[in-house]
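J.: Residue numbers (our numbering): 32 to 114. Every residue gets a Cβ at the ideal spot worked out from N, C-alpha and C, and that includes glycine. This structure is in structure tokens; I'll ask about it shortly.
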């Protein structure tokens with residue numbers, strides 16, 4: 032099954048790392064990486080583990096959110112892909 036969940040990656044000046052959040056899974060679903068690529072890889076691994084855990088416990092998966100991205104007041108939904 033193809034799950035489309037958000038992976039939010041933000042740079043932290045305080046930690047000097049990329050911080051990864053998985054918003055649909057709540058405030059505890061975080062990881063990090065020293066590079067953007069590492070952060071994305073770690074985020075995908077955590078997401079896969081969360082989905083496996085939910086399914087193993089017969090817990091319903093959260094609904095994927097639908098994000099709208101706006102950059103400096105300009106919004107063009109065709110310009111961005113969210114998953």
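In angstroms with no decimal places, state the Cα-to-Cα distance between residue 73 and residue 41.
T.: Going by the C-alpha atoms only, they are around 13 Å apart.
J.: Measure how close the beta-carbons of residue 78 and residue 53 come, nearest whole angstrom, since I'm counting them as under 8 Å.
T.: Right, their Cβ atoms sit about 6 Å apart.
J.: Tell me whether residue 53 sits in a helix, a strand or coil according to DSSP, three-state version.
T.: Residue 53 falls in the coil class under three-state DSSP.
J.: Report the option in 92, 64, 89, 33 whose CA atom is closest to the CA atom of residue 47.
T.: Of the listed residues, the one whose Cα sits closest to residue 47 is 64.
J.: Give me, in chain order, the residues of the same chain whose beta-carbon lies closer than 8 Å to that of residue 39; leave out the 5 immediate sequence neighbours on both sides.
T.: Cβ within range, chain order: 51, 52, 53, 54.
J.: Could you spell out where the beta strand (DSSP E) holding residue 40 opens and where it closes?
T.: Start and end: 39 to 43.
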